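A.B. asks: Quick note on numbering: the UniProt record's numbering labels position 16 of the sequence shown as 16, and the sequence is numbered without any gaps.
Even for Gly, the Cβ is constructed at its ideal location relative to N, Cα and C.
Just so it is clear, the structure is predicted and the values come from calculations on it, not from any experiment.
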Amino acid sequence: MNKIIKVILGIFVLLVIVGLLGSGGDSTTDNSNSKQAQESAPASEATPEATPETYKIGDRVVVGERAYTITDVRTASSIGNDFTKQTASGIFVIVTMTIENIGKESATMTTGDVKIIDSEGRTFESDTEAWSALEENILLKQIQPGLPVMGQTIFDVPKGITANLQVADGIWGTDTKLVSLGTIQ
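1) First and last residue of the beta strand (DSSP E) that includes residue 153?
2) Secondary structure at residue 72, three-state DSSP: helix, strand or coil?
3) Is it the case that the Cβ atoms of residue 55 and residue 97 are separated by a distance below 8 Å?
4) What residue range is occupied by the uninterrupted beta strand (DSSP E) comprising residue 129?
5) When you compare the region 158 to 178 with the region 108 to 128, are there three or more beta-carbon pairs, one atom per stretch, that lie closer than 8 Å?
6) CA-CA distance, residue 99 and residue 105?
7) Per DSSP, what kind of secondary structure is residue 11 in: helix, strand or coil?
8) Between the Cα of residue 133 and those of 53, 73, 59, 79, spot the shortest distance and give me the residue it belongs to.
9) According to DSSP, simplified to helix, strand and coil, what is residue 110?
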């Protein structure tokens with residue numbers, strides 16, 4: 001009798017395993033539900049996303065707990081003196097800005113706080129090697145609450161791109177805004 005129970009139990013386990021393996025790829029119900037959900041999705045999903053507001057040079061741009069004012073943008077093929085000279089692979093874009101900390105705690109300006117994004121969606125971060133040649137380098141400056149700080153950052157980009165400067169509320173800030181830089185010559 002003991003042997004019969006083991007055989008029946010073995011067959012039962014085998015049937016359960018076969019049943020599980022056989023139904024593993026069957027997801028007809030799930031596919032039809034997701035297909036119905038896709039078909040009944042609102043038409044607003046098909047419309048293109050709204051273009052984010054783009055600011056101009058000279059505008060005060062509030063992003064989170066910071067307010068940026070881009071005061072000047074110029075280009076150069078090289079910067080620095082005999083000891084700090086840096087030559088651009090493309091062209092240097094030197095951005096002069098004032099940053100005001102409108103929060104309650106001090107903040108630090110880092111390379112990830114501002115980026116250039118061109119019309120093709122390419123992102124250019126600040127050139128950390130060329131920053132050392134800037135006269136008014138803003139990298140790693142402490143920005144105390146209520147006290148504006150003026151300085152420069154620099155990017156090495158290809159000539160002729162149409163670009164925006166993306167400003168953020170810190171390196172991990174998800175709140176960003178764009179300032180139009182126009183075509184870089």
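C.D. replies: Let me spell this out:
1) 149 to 157
2) strand
3) no
4) Here residue 129 belongs to no beta strand (DSSP E); instead the alpha helix (DSSP H) covers 128 to 131.
5) yes
6) 14 Å
7) helix
8) 79
9) coil
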